[in-house]
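Q: In the working numbering, the protein residues as written are 746 to 994.
1) Considering only residues of the stretch 848–894, which uninterrupted beta strand (DSSP E) runs meet the minimum length of 3 residues and lie entirely inside it, listed in chain order?
2) Cutting at 6 angstroms between CB atoms, please list the residues of its own chain near residue 783, excluding the five before and the five after it.
3) How about residue 1000 and residue 949: do their beta carbons lie closer than 8 angstroms?
4) Looking at the strands, I want to know which residues DSSP matches up with residue 986.
5) Looking at C-alpha atoms only, which residue of 805, 769, 930 and 828 is the closest neighbour of residue 791?
6) Given a cut-off of 8 angstroms, decide if residue 951 and residue 857 are closer than it, judged by their beta-carbon atoms.
7) Can you tell me the Cα-Cα spacing of residue 988 and residue 980, whole angstroms?
8) Of the choices 933, 922, 830 and 947, whose alpha-carbon is the least far from that of residue 940?
9) Checking 8 angstroms against the spacing of the C-beta atoms, do residue 873 and residue 848 come in under that value?
10) On the DSSP letters alone, give me the boundaries of the alpha helix (DSSP H) that residue 959 sits inside.
11) In terms of alpha-carbon separation, which member of 992, 953, 945 and 954 lies closest to residue 977?
12) Look at the alpha carbon of residue 806 and the alpha carbon of residue 914, and state the distance between them as a whole number of angstroms.
13) Ordered along the chain, which non-local residues of its own chain (more than five positions away) have a Cβ less than 6 angstroms from that of residue 878?
14) Helix, strand or coil for residue 938, going by three-state DSSP, please let me know.
15) Could you give the first and the last residue of the continuous beta strand (DSSP E) run that contains residue 930?
16) Inspect the beta-carbon positions of residue 764 and residue 825 and report whether they are closer than 8 angstroms.
17) Can you say whether residue 900 is buried or exposed, counting buried as having 16 or more other CB atoms within 10 angstroms of its CB?
18) At which residues does the alpha helix (DSSP H) containing residue 906 begin and terminate?
19) Comparing C-alpha positions only, which one of 930, 789, 993 and 924 sits nearest to residue 902?
20) According to DSSP, is residue 825 part of a helix, a strand, or is it coil?
21) According to DSSP, simplified to helix, strand and coil, what is residue 771?
22) Find the nearest neighbour of residue 912 within the set 819, 938, 984 and 947, judged by alpha-carbon distance.
23) Quick one: what's got a C-beta closer than 7 angstroms to residue 934's C-beta in the same chain, skipping five residues either side?
24) With DSSP as the reference, label residue 798 as helix, strand or coil.
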């Protein structure tokens, strides 16, 4: 496949790909029909050719990998376009750049709290995160006038979400509807955590009174040879059962 075989609208989209490495891969494939790891190493000087190809895939352009023989007879990877009708619009051209004002708007809306652990942080300590991962939905319909698709997370929760999402079966399926019902997208209204039928609550203990209570829970957990989470869960179970008995009478 080269540029002569492409409909003008698809060719125009490919010309909008951002980034030096990405443009090199796209332009080479448009001219020659494919590009190999040997091309990327010897012609363009890239020591990690798959990374250059990943840059293109990350922008929503389907790339197919297959095997060919190098000049010295080695089996190497080659890459060509897949079905370009499957270009993922929301990721095309790379991630949107967020303005300072957009982050300030999110910060005001969440009162300076991380959307997952509910801890208070300064604005510089919080990171803008796509509710539905960029890998799944990209920046579809991104608008700074509608921040509902984004939230602020502390570094710890952002890393935890990334790990959980990347190990979720939906990372391959890429269904936004599955993500919409996940804890990491709507932590106060969800039906699963990375497709698993579990529930979780991330708690930050801050301030002297909170920390004093936490220290007592830790001491009680150690004394009863329980984990801190088990100690908290058992305590809450006892409270719920007590309340239910009261209302039964």
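Cβ atoms here follow ideal geometry from the backbone N, Cα and C, with glycine treated the same way.
A: Based on what the coordinates show:
1) 871–875
2) In the chain shown, residue 783 corresponds to position 38, counting from 1. Once the five neighbours on either side are set aside, the close Cβ partners of residue 783 are 815 and 821.
3) Since the first residue shown for the chain is 746 and the last is 994, residue 1000 is missing from the structure and cannot be characterised.
4) Reading the chain shown from its first residue, position 241 is the one you call residue 986. Per DSSP, none; premise fails for residue 986.
5) Looking up residue 791 in the chain shown gives position 46. Comparing Cα-Cα distances from residue 791 to each of 805, 769, 930 and 828, the minimum goes to 769.
6) In the chain shown, the residue the question calls residue 857 occupies position 112. In the chain shown, the residue the question calls residue 951 occupies position 206. Result no, Cβ atoms of residue 857 and residue 951 do not sit closer than 8 angstroms.
7) Numbered from its first residue, the chain shown carries residue 988 at position 243. Numbered from its first residue, the chain shown carries residue 980 at position 235. Distance between the alpha carbons of residue 988 and residue 980: 13 angstroms.
8) Taking the first residue of the chain shown as position 1, residue 940 is located at position 195. The candidate whose alpha carbon is nearest that of residue 940 is 922.
9) As a first step, residue 873 is located in the chain shown; it is residue number 128 there, counting from the start. As a first step, residue 848 is located in the chain shown; it is residue number 103 there, counting from the start. Their beta carbons are under 8 angstroms apart, which means residue 873 touches residue 848 by this criterion.
10) Against the chain shown, residue 959 aligns to sequence position 214. Where residue 959 is concerned, the enclosing alpha helix (DSSP H) stretches over 953–968.
11) Stepping through the chain shown from its first residue, residue 977 is reached at position 232. Among 992, 953, 945 and 954, the Cα nearest to that of residue 977 belongs to 945.
12) Position 61 of the chain shown, counted from the first residue, corresponds to residue 806. Position 169 of the chain shown, counted from the first residue, corresponds to residue 914. Between residue 806 and residue 914, the C-alpha separation is close to 22 angstroms.
13) For the purposes of this step, residue 878 is taken as residue 133 along the chain shown, with counting starting at 1. 910, listed in sequence order.
14) Translated into the one-based positions of the chain shown, residue 938 becomes position 193. Note: residue 938 maps to strand in three-state DSSP.
15) As a position in the chain shown, residue 930 is number 185, starting the count at 1. Counting along the chain, residue 930 falls outside any beta strand (DSSP E), and DSSP gives it neither H nor E.
16) Taking the first residue of the chain shown as 1, we reach residue 764 at position 19. Taking the first residue of the chain shown as 1, we reach residue 825 at position 80. Contact flag unset, no.
17) As a position in the chain shown, residue 900 is number 155, starting the count at 1. Result: exposed.
18) Within the chain shown, numbered from 1, the residue matching residue 906 stands at position 161. In the DSSP assignment, residue 906 falls within the alpha helix (DSSP H) that extends over 900–911.
19) Position 157 of the chain shown, counting from 1, holds the residue named residue 902. For residue 902, the nearest C-alpha among the options comes from 930.
20) Looking up residue 825 in the chain shown gives position 80. Note: residue 825 maps to strand in three-state DSSP.
21) Counting from one through the chain shown, the residue named residue 771 turns up at place 26. If DSSP states are grouped into helix, strand and coil, residue 771 belongs with the helices.
22) On the chain shown, residue 912 is found 167 positions in, with the first residue counted as 1. Of the listed residues, the one whose Cα sits closest to residue 912 is 938.
23) Within the chain shown, the letter at position 189 stands for residue 934. Same-chain partners within the cutoff: there are none.
24) Within the chain shown, numbered from 1, the residue matching residue 798 stands at position 53. Correct three-state label for residue 798: helix.
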